[in-house]
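Note that my numbering has the sequence shown beginning at 20, numbered continuously upward. Report on the following structure.
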Amino acid sequence: MTADELQLIDVVTGELALARAQLDSGLASLAEATLRRRIARLEADGGPVADELDAARSLLAEALWRQQRPIAAGAALDPITSGSLELRRPIVMLIEAEAAAATGDPDRAAGLMERVIDAIGVDDAWQLRAGTPSRISWPLPSGLRPVEPHEARPPWGATGPVSVAGAGGASAERGAEARGRLEAARTAYGAGDLAVGDAELGLALRLDAALGADGLKLFRPTLGKQPPAERLLLYGDLLRAAGREAQASAAYDRAARA
C-alpha cells in the first residue's frame with residue numbers, strides 16, 4: 020500500500036461522542052474543551068439544534084462536575100430548554116443536587132438526591148458518581164453496608180423472618196393493628212387531614228417498624244416544600260425505619276432548623 024492509498028477512518032461519529040469517550044477515559048478537561056467548541060459552533064450556526072445543544076450542555080455540566088467544579092456545572096445546566104428530556108436524566112439530577120449543596124441549599128440538594136435514588140437506586144447512584152467527591156451524605160451502597168447479625172435458623176425452619184413478640188419484632192396482633200393504623204392514615208391523607216394522618220402513621224410505625232417503607236411511600240407525597248418540624252421528625256423516623264439512615268439524619272437536621 021502506497022502513501023496515496025492510506026486512509027484515516029474516524030471511529031468517533033461526532034464531537035458529542037468524542038466528548039463522551041473523553042469523559043469515560045477520565046479526560047474531563049479535554050471533554051470540556053471539545054464541548055465548548057461544539058456549543059459555540061451550534062449557537063453560531065443557529066437553526067433547529069435545540070436537542071443537540073441540550074445534550075452538549077448536559078455533557079459539559081458533567082465534565083465540569085468531574086473536575087470538582089459543581090457551581091460551574093450547575094450554571095452550565097441553566098440554558099437547557101425547560102421540559103427537555105436531558106433534565107430528567109439521573110446524572111443531570113445528581114449534578115443539580117451537587118450544585119445546590121455547593122451553593123448552600125441543602126434542602127433542595129436532599130430533595131434532588133432522593134429523586135436520583137428513587138429513579139435508579141443507591142447502588143447505581145454510586146456508580147454514576149464514579150468516585151467524584153460529593154458534598155452530600157449519600158446512603159451506603161449494598162456492598163458497603165454492615166451485615167446485621169441474625170440468629171441461626173435450622174434448615175427445616177420457616178423460610179421467612181419470624182416475628183416474635185418481645186424479641187424486637189411485632190406480634191401478629193400488633194402487626195394487624197399497625198396495618199389498620201396505616202390504612203387509617205391513608206384514608207386521612209386522602210381526605211386532606213394531615214394531622215390525623217400523621218398521628219395514625221406515627222402509631223403504625225411504633226407498633227411495627229417494618230412498615231417504614233410502606234409508610235414512607237404514603238407520607239412523602241404529603242410532605243410539601245416547607246414542612247414544619249414535627250412532620251420532618253416523622254419523615255426522619257420513617258426514613259430510619261426504611262433503612263435510609265443518611266437521609267433520616269438530613270431530615271432531622273432540617274427539623275432542627277425549621
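Beta carbons: idealized from backbone N, C-alpha and C, even for Gly.
query                                                                                                               : result
DSSP three-state label for Ile-58, please.                                                                          : helix
Less than 9 Å between the C-beta atoms of Gly-93 and Ala-119, yes or no?                                            : yes
Going straight from the alpha carbon of Met-112 to that of Tyr-254, what length do you get?                         : 22 Å
Compute the distance between the beta-carbons of Tyr-271 and Phe-238, then report whether it is under 9 Å.          : no
Between the Cα of Pro-247 and the Cα atoms of Gly-150, Asp-233, Ala-274, which residue gives the shortest distance? : Ala-274
Between the alpha carbons of Lys-278 and Ala-204, how many angstroms are there, rounded?                            : With the chain covering 20 to 277 only, the question about residue 278 has no answer from this structure.
Between the alpha carbons of Leu-106 and Pro-98, how many angstroms are there, rounded?                             : 11 Å
Alpha carbon to alpha carbon, how far is Ile-110 from Gln-245?                                                      : 26 Å
Within the continuous alpha helix (DSSP H) that includes Gln-41, where are the two ends?                            : 34-43
Could you compute how far the alpha carbon of Ala-38 sits from the alpha carbon of Ala-144?                         : 22 Å
Are three or more beta carbon pairs between the segment 257-267 and the segment 220-235 nearer than 8 Å?            : yes
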